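Note sheet for the following structure.
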Amino acid sequence: MNKIRVLSIAVVLLILLNIGLIVVISLNKPPHPNHPKGNLGPKNIIIERLHFDATQVVAYENLIIQHQETIQSKEDQLRTAKEKLYTLLAVDNQTEKVVLIDKINSIQKEIEEIHFNHFLDIKKLCKENQLKDYTELTNELARLFSPHPMPKR
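When you read off a place in the sequence shown, starting at 1, and then add 74, the result is the number in our numbering.
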């Protein structure tokens with residue numbers, strides 16, 4: 075066999091291996107979770123897990139709107155304070171740095187209190203027979219509302 079024939083066979087084999095690898099990878103993907111009720115974001119998970127009726131759902135949606143508005147305001151304050159903090163890198167003002175970090179900590183504490191109170195408000199929406207489900211749900215709240223981890227590099 076000459077060199078050209080050997081190289082041609084090698085190229086064809088590599089192409090076939092690549093195609094086979096692509097097929098194997100695409101066929102072995104885990105199935106994409108499909109829920110019959112559509113997207114199960116935290117709102118829908120809470121509604122489903124607590125078995126809210128139509129009246130409770132409306133009240134819960136109103137709580138969500140109020141909660142989002144309050145949190146958005148606090149996050150705006152937090153963003154502004156952080157922007158001011160990082161402008162201090164150019165001037166090295168230690169006193170102002172300490173004041174701004176304290177302010178950032180205070181705002182973050184307020185945000186966590188707002189979140190906590192939001193879930194207490196959700197509890198108030200529950201009927202007596204839903205409180206057991208609410209207690210079970212509280213064990214998962216941190217996982218449901220935590221930011222998704224960044225993919226590893």
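Ideal Cβ positions, reconstructed from N, Cα and C, are used throughout, including at glycine.
Model, not experiment: these values are computed from the prediction.
8 Å CB neighbourhood of residue i in its chain, flanking five on each side removed
i	result
L159	K171, L174, I175 and I178
L137	H192, D195, I196 and L199
Y208	L124, I196, K197 and C200
Buried versus exposed, by CB contacts within 10 Å (16 or more), residue i
i	result
P110	Residue placement at P110 is poorly supported in this model, since its pLDDT is 47, which falls under 50; the coordinates are not used for a value here.
F219	exposed
L91	exposed
A155	buried
Three-state secondary structure assigned by DSSP to residue i
i	result
G115	coil
S82	helix
D166	coil
N136	helix
D127	coil
E214	coil
N102	coil
Proximity to residue i [Cα-Cα], best of the options
i	options	result
E214	V97, R153, R123 and S100	R123
I139	V80, H189 and L163	H189
N203	D127, L95 and I99	D127
Cβ neighbours of residue i in the same chain (closer than 7 Å, five flanking residues each side left out)
i	result
I121	V131 and Y134
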